[in-house]
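What follows is a single structure, written as structure tokens, with notes after it.
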Amino acid sequence: MVIVSRISKGSLMDQIYLPKRRAPGLEVGTAVLVEPALQKLAAKPKLHYYNLAHLEPIKVTIIERIFEHFEQVEEVDNVLVAGSFLEYGFGFEDVDIVAISDKKIDAGWIEERIGTNLGLNVQVIVISFKSLLRGISTDPLFEMLVSKFAAKHRVIFSVAREIKHKLLDLHLLKSELLIINFDSLTGREKYKFVRNLFAIALFLDGQKISTESVDNEINRYFWKDAVKSIRENLVDKAFLAKYKKFYNAVFKRIMEGIKNGSKQKQAA
Numbered sequence: 260m261v262i263v264s265r266i267s268k269g270s271l272m273d274q275i276y277l278p279k280r281r282a283p284g285l286e287v288g289t290a291v292l293v294e295p296a297l298q299k300l301a302a303k304p305k306l307h308y309y310n311l312a313h314l315e316p317i318k319v320t321i322i323e324r325i326f327e328h329f330e331q332v333e334e335v336d337n338v339l340v341a342g343s344f345l346e347y348g349f350g351f352e353d354v355d356i357v358a359i360s361d362k363k364i365d366a367g368w369i370e371e372r373i374g375t376n377l378g379l380n381v382q383v384i385v386i387s388f389k390s391l392l393r394g395i396s397t398d399p400l401f402e403m404l405v406s407k408f409a410a411k412h413r414v415i416f417s418v419a420r421e422i423k424h425k426l427l428d429l430h431l432l433k434s435e436l437l438i439i440n441f442d443s444l445t446g447r448e449k450y451k452f453v454r455n456l457f458a459i460a461l462f463l464d465g466q467k468i469s470t471e472s473v474d475n476e477i478n479r480y481f482w483k484d485a486v487k488s489i490r491e492n493l494v495d496k497a498f499l500a501k502y503k504k505f506y507n508a509v510f511k512r513i514m515e516g517i518k519n520g521s522k523q524k525q526a527a
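Under the working numbering, the first residue of the sequence shown carries the number 260, and numbering increases by one thereafter.
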């Protein structure tokens with residue numbers, strides 16, 4: 260006899276409830292084996308891809324396992340796997356997971372559970388669909404994060420870009436850290452700050468934001484394969500001087516936007 264049940268949270272010990280009325284085979288005192296049922300009983304989840312032309316088979320398997328874990332979290336409506344994990348090769352540091360839900364869910368618990376079972380560092384963002392759309396429309400990094408993804412259920416984003424200069428000013432502060440701590444940063448850290456700056460610039464220009472478009476803009480502004488040099492921490496003070504020039508130009512545009520926005524509010 261086989262009964263599919265769920266683990267419930269208890270005060271001292273978690274537990275599994277079985278119905279009193281059940282067919283013979285699971286009497287009180289019977290030794291049983293407890294293991295996840297979804298991998299055996301359910302078909303592999305169908306993946307829905309957005310802007311993904313190629314994905315290594317091992318990554319497909321990992322995404323399927325991630326989605327299986329979320330089968331046991333009833334409050335989640337959809338799951339997106341995004342970020343550097345989807346880039347070609349295995350140079351990623353962690354796996355970015357966006358869990359779409361209107362409920363309050365402990366992201367840390369999910370990170371620990373998936374991380375322990377799969378042996379990966381995972382970053383889980385729990386967000387409502389409405390907040391996700393708002394984030395894509397106002398936050399260049401959010402737009403870049405979901406520029407390509409694998410989804411548990413099909414999803415379509417239709418948003419109009421909204422430039423909030425004060426919010427962009429806060430995001431820009433991260434990129435100032437490259438100027439302040441240039442000598443002590445790793446190549447990966449420098450790349451993140453540079454990528455943040457150029458994503459903001461593209462956002463202000465009304466351009467489409469993706470990992471590819473940001474990297475292309477970085478290479479265009481500095482030199483061919485500049486992204487590779489930054490990641491490998493092979494950039495010098497000449498690079499920093501050019502970076503400062505670009506940073507100051509973007510900062511000036513944001514300050515002008517804040518100033519003009521204030522004037523418009525006063526006039527209204």
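All C-beta atoms in this analysis are idealised placements derived from N, C-alpha and C, irrespective of residue type, glycine included.
Cutting at 7 angstroms between CB atoms, please list the residues of its own chain near Lys425, excluding the five before and the five after it.
Translated into the one-based positions of the sequence shown, residue 425 becomes position 166. Result list for Lys425: Ile517, in chain order.
C-alpha gap between Ile325 and Ile266, whole angstroms
Position 66 of the sequence shown, counted from the first residue, corresponds to residue 325. Position 7 of the sequence shown, counted from the first residue, corresponds to residue 266. Approximately 18 angstroms between the Cα atoms of the pair.
Within 10 Å of its beta-carbon, does Phe349 have 16 or more other beta-carbons around it, so buried, or fewer, so exposed?
One-based indexing of the sequence shown puts residue 349 at position 90. Its Cβ having fewer than 16 others within 10 Å, Phe349 is exposed.
My assumption, with CB atoms under 8 angstroms, is that Ile422 sits in contact with Leu461. Please give the rounded CB distance.
As a first step, residue 422 must be located in the sequence shown, where it is residue number 163. As a first step, residue 461 must be located in the sequence shown, where it is residue number 202. About 12 angstroms; that fails the 8 angstroms criterion.
Residue of Ile477, Arg413, Glu402 minimising C-alpha distance to Lys449:
Translated into positions along the sequence shown, residue 449 becomes position 190. Of Ile477, Arg413, Glu402, the residue nearest in Cα terms is Ile477.
Note down, in chain order, each residue of its chain lying with its Cβ closer than 6 angstroms to the Cβ of Leu379, except the 5 sequence neighbours on either side.
Taking the first residue of the sequence shown as 1, we reach residue 379 at position 120. Result list for Leu379: Val354, in chain order.
So the alpha helix (DSSP H) His328 belongs to, where does it begin and stop?
By 1-based counting over the sequence shown, the position of residue 328 is 69. Looking at the DSSP string, the run of the alpha helix (DSSP H) that includes His328 is 316-329.
By DSSP, does Tyr276 sit in helix, in strand, or in coil?
Your numbering for residue 276 matches position 17 in the sequence shown. Correct three-state label for Tyr276: coil.
For His424, the first and last residue of its enclosing alpha helix (DSSP H):
For the purposes of this step, residue 424 is identified with residue 165 of the sequence shown, where counting begins at 1. Start and end: 424-439.
Return the first residue and the last residue of the beta strand (DSSP E) that Ile386 is part of.
The count along the sequence shown starts at 1 and reaches residue 386 at position 127. Residues 381-386.
Could you spell out where the beta strand (DSSP E) holding Asn337 opens and where it closes?
Counting from one through the sequence shown, the residue named residue 337 turns up at place 78. Annotation for Asn337: the continuous beta strand (DSSP E) segment containing it runs 337-341.
Taking 8 angstroms as the cut-off, does the stretch 491-499 touch the stretch 324-339 (at least 3 CB pairs, one atom from each stretch)?
With the cut-off at 8 angstroms, the stretch 324-339 and the stretch 491-499 do not touch.
What are the boundary residues of the alpha helix (DSSP H) that Val486 is part of?
Counted from its first residue, the sequence shown places residue 486 at position 227. First-last of the alpha helix (DSSP H) with Val486: 485-490.
For Arg512, tell me which candidate among Ser434, Asp428, Gly374 has the shortest Cα-Cα distance.
Translated into positions along the sequence shown, residue 512 becomes position 253. If we check each option's Cα against that of Arg512, Asp428 comes out closest.
By Cβ distance, which residues of its chain are closer than 6 angstroms to Gly394, with the 5 residues on each side in sequence left out?
As a position in the sequence shown, residue 394 is number 135, starting the count at 1. Cβ neighbours of Gly394 beyond the five flanking positions: Phe401.
Indicate whether Asn310 and Lys407 have their beta-carbon atoms separated by less than 7 angstroms.
For this step, residue 310 is matched to residue 51 along the sequence shown. For this step, residue 407 is matched to residue 148 along the sequence shown. Yes; because the gap between Cβ atoms is below 7 angstroms, this pair is in contact.
Exposure label - Leu493; buried when at least 16 CB within 10 Å
Your numbering for residue 493 matches position 234 in the sequence shown. Per the 10 Å Cβ criterion, exposed.
Span of the beta strand (DSSP E) holding Phe408?
If you number the sequence shown from 1, residue 408 lands on position 149. Residue range 408-410 is occupied by the beta strand (DSSP E) that includes Phe408.
Count the other CB atoms, across all protein chains shown, that sit within 10 Å of the CB of Tyr506; report buried if there are 16 or more and exposed otherwise.
Indexing the sequence shown from 1 puts residue 506 at position 247. With 16 or more other CB atoms across the displayed protein chains lying within 10 angstroms of its CB, Tyr506 is buried.
Tell whether a beta-carbon distance below 7 angstroms holds between Ser351 and Ser360.
For the purposes of this step, residue 351 is taken as the residue at position 92 of the sequence shown. For the purposes of this step, residue 360 is taken as the residue at position 101 of the sequence shown. The question names Ser, but residue 351 is Phe in the sequence shown. No, they are not a contact pair.
Does DSSP classify Val291 as helix, strand or coil?
If you number the sequence shown from 1, residue 291 lands on position 32. Coil at Val291, not helix or strand.
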